[in-house]
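Using full-length UniProt numbering, the letters of the sequence shown map in sequence onto residues 1 to 305.
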Amino acid sequence: MSAAQVKMNEVSAQLALSATTRRADPTTLFAAQRQLVIIVERLEDWASYFPSEDLISAQDYLEKPLKATAGKRVQVINLCRSYKYLGHGYYCSLLAEARQHNVIPSVKTISELTRKSLYGLALDDLDKLLETALQDHPYDDTEGFTLTLYFGQTTLEPLKDLARQLFEVFPCPILMVEFRKRDNWHIASIKAGALPRLRDDQQDEFAMALEGFSRNVWRQPSSRRMARYDLAILHDPQEQLPPSNTEALANFIRVGQRLGIDVELIEKKDYARLAEYDALLIRETTALTTTPTALPRRPRARGWW
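Below is the structure:
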């Protein structure tokens with residue numbers, strides 16, 4: 001039995017569901033924390049998994065008002081078969097943004113993935129990381145390969161960091177990344193993948209990645225009143241001469257509370273959580289090659305500006 005299958009069995013036990021040939025729905029574990037909405041083109045696209053109350057067809061999402069739970073933020077995962085312009089997938093993300101739901105992929109991400117001229121500039125730094133990652137790896141003897149990523153996750157150890165960074169720049173549930181080698185390795189193309197086209201083993205990977213993504217997205221429930229906005233402040237606790245000292249950061253948090261803004265201090269290791277926030281304030285020394293300079297690409301990728 002594969003590790004993925006073992007994991008699915010564990011999830012099944014936690015959900016107290018009867019044994020069946022279908023895979024467990026990992027999203028149920030997180031329903032109590034925030035409201036999760038999973039959009040599929042057709043309900044049968046979810047046939048490989050247990051039924052979920054979070055599931056909705058694209059047609060229903062577009063035509064019917066969503067029954068949102070009061071006081072809960074809504075995270076929409078758009079798994080439509082295609083995100084082509086004016087198609088169901090495109091309109092679902094467009095409507096989600098109009099409803100002020102957090103949605104992946106965003107309309108901006110969908111647009112960027114349609115043309116390499118739009119996303120190519122974001123790949124320069126990642127190509128350098130790719131070259132380093134594949135040194136002395138069996139793939140280094142090939143001319144190219146395609147890798148499917150699920151919420152920025154891959155089982156290919158040398159490319160895990162690259163996969164995470166690709167998801168940060170292009171937040172999309174399923175990404176198909178084509179790698180090619182001429183003199184050096186480079187990313188030839190990035191496309192959105194489709195859930196119904198996944199093989200059995202890929203469905204296992206997708207289910208585990210969805211579970212992990214859900215855990216990262218939903219922060220612990222709070223007894224405080226619901227903040228109007230969430231603000232992330234990037235800082236480096238180890239910096240000798242930071243732009244804002246500890247007292248100044250505490251003032252940011254205190255003023256935010258008065259204004260109804262939930263302020264949280266984050267570090268560069270918290271890249272994957274940027275989707276949680278409405279805005280990012282950088283209070284770390286900036287330079288052309290440092291984290292603060294590269295990090296704003298992530299908010300832009302999520303449609304913040």
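Just so you know, even glycine gets a beta-carbon here, dropped at the ideal spot from N, CA and C.
Discussion item. Taking the alpha carbon of P173 as the reference point, which residue from R180, L149, L156, T246 has its own alpha carbon closest?
Written reply: Here residue 173 corresponds to residue number 173 of the sequence shown, with the count starting at 1. That would be L149, whose Cα lies nearest to the Cα of P173.
Worksheet item: Which first and last residues belong to the alpha helix (DSSP H) in which D60 is found?
Response: Against the sequence shown, residue 60 aligns to sequence position 60. Here the alpha helix (DSSP H) through D60 covers 58-63.
Worksheet item: With distances taken between CB atoms, is the gap from I110 to Y90 smaller than 8 Å?
Response: Taking the first residue of the sequence shown as 1, we reach residue 110 at position 110. Taking the first residue of the sequence shown as 1, we reach residue 90 at position 90. Yes. Within cutoff.
Discussion item. Closest to D54 by C-alpha separation, out of I77, T286, Y85, would be which residue?
Written reply: Looking up residue 54 in the sequence shown gives position 54. Comparing Cα-Cα distances from D54 to each of I77, T286, Y85, the minimum goes to I77.
Practice prompt. Report yes if the C-beta distance between E44 and R81 is below 8 Å; otherwise report no.
Written response: Here residue 44 refers to the residue found at position 44 of the sequence shown. Here residue 81 refers to the residue found at position 81 of the sequence shown. For the pair E44 and R81, the CB atoms are not nearer than the 8 Å cut-off.
Worksheet item: What's the call for E211, buried or exposed, on a 16-neighbour Cβ count within 10 Å?
Response: As a working note, residue 211 is residue 211 in the sequence shown. Buried is the call here.
Worksheet item: Looking at C-alpha atoms only, which residue of E178, A47, K72 is the closest neighbour of V37?
Response: In the sequence shown, counting from the first residue as 1, residue 37 sits at position 37. The candidate whose alpha carbon is nearest that of V37 is K72.
Fill in: Sequence ranges, beta strand (DSSP E) only - wholly within the UniProt domain "RimK-like ATPgrasp N-terminal" (58-208), length at least 3
74-79, 102-104, 144-150, 174-181, 185-192
Discussion item. Between the region 59-67 and the region 177-189, can you find at least three pairs of beta-carbon atoms closer than 8 Å?
Written reply: no
Practice prompt. Can you give me the start and stop residues for the alpha helix (DSSP H) that L249 sits inside?
Written response: In the sequence shown, the residue the question calls residue 249 occupies position 249. Unbroken alpha helix (DSSP H) run through L249: 246-258.
Worksheet item: For the candidate residues V107, E157, L162, whose alpha-carbon lies nearest to that of L130?
Response: Here residue 130 corresponds to residue number 130 of the sequence shown, with the count starting at 1. Out of V107, E157, L162, L162 has the C-alpha closest to the C-alpha of L130.
Worksheet item: Looking only at C-alpha atoms, which of T142, R283, I261 sits nearest to E247?
Response: Counting from 1 along the sequence shown, the entry for residue 247 is found at position 247. Out of T142, R283, I261, R283 has the C-alpha closest to the C-alpha of E247.
Worksheet item: Touch check for the region 226-241 and the region 274-281: three-plus C-beta pairs under 8 Å?
Response: Yes, the region 226-241 is in contact with the region 274-281.
Discussion item. Excluding the 5 residues flanking S249 on each side, which residues of the same chain have their C-beta closer than 8 Å to its C-beta?
Written reply: On the sequence shown, residue 249 is found 249 positions in, with the first residue counted as 1. Residue 249 is actually Leu in this sequence, not Ser. Same-chain partners within the cutoff: I233, H235, L265, R283.
Worksheet item: Terminal residues of the continuous beta strand (DSSP E) containing E264?
Response: In the sequence shown, the residue the question calls residue 264 occupies position 264. Here the beta strand (DSSP E) through E264 covers 261-266.
Practice prompt. Classify V169 as buried or exposed, calling it buried when 16 or more other Cβ atoms lie within 10 Å of its own Cβ.
Written response: Walking along the sequence shown from the start, residue 169 turns up at place 169. So V169 ends up on the buried side.
Practice prompt. For L280, write down the residues that DSSP places opposite it in a beta bridge.
Written response: Counting from 1 along the sequence shown, the entry for residue 280 is found at position 280. BP columns for L280 point to A232.
Item to complete: Per DSSP, which residues does L55 bridge with? Please list them.
Response: Start at 1 with the first residue of the sequence shown, and residue 55 comes out as number 55. According to DSSP, which records beta bridges pairwise, L55 is partnered with I38.
Worksheet item: CB-CB under 6 Å to A192, same chain, minus the five flanking residues each way: which ones, in chain order?
Response: Here the question's residue 192 lines up with position 192 in the sequence shown. Counting only Cβ-Cβ distances below 6 Å, and skipping sequence neighbours, we find Y83, L113, C172.
Worksheet item: Alpha carbon to alpha carbon, how far is F213 from F151?
Response: Within the sequence shown, numbered from 1, the residue matching residue 213 stands at position 213. Within the sequence shown, numbered from 1, the residue matching residue 151 stands at position 151. Spanning the two alpha carbons is a distance of roughly 7 Å.
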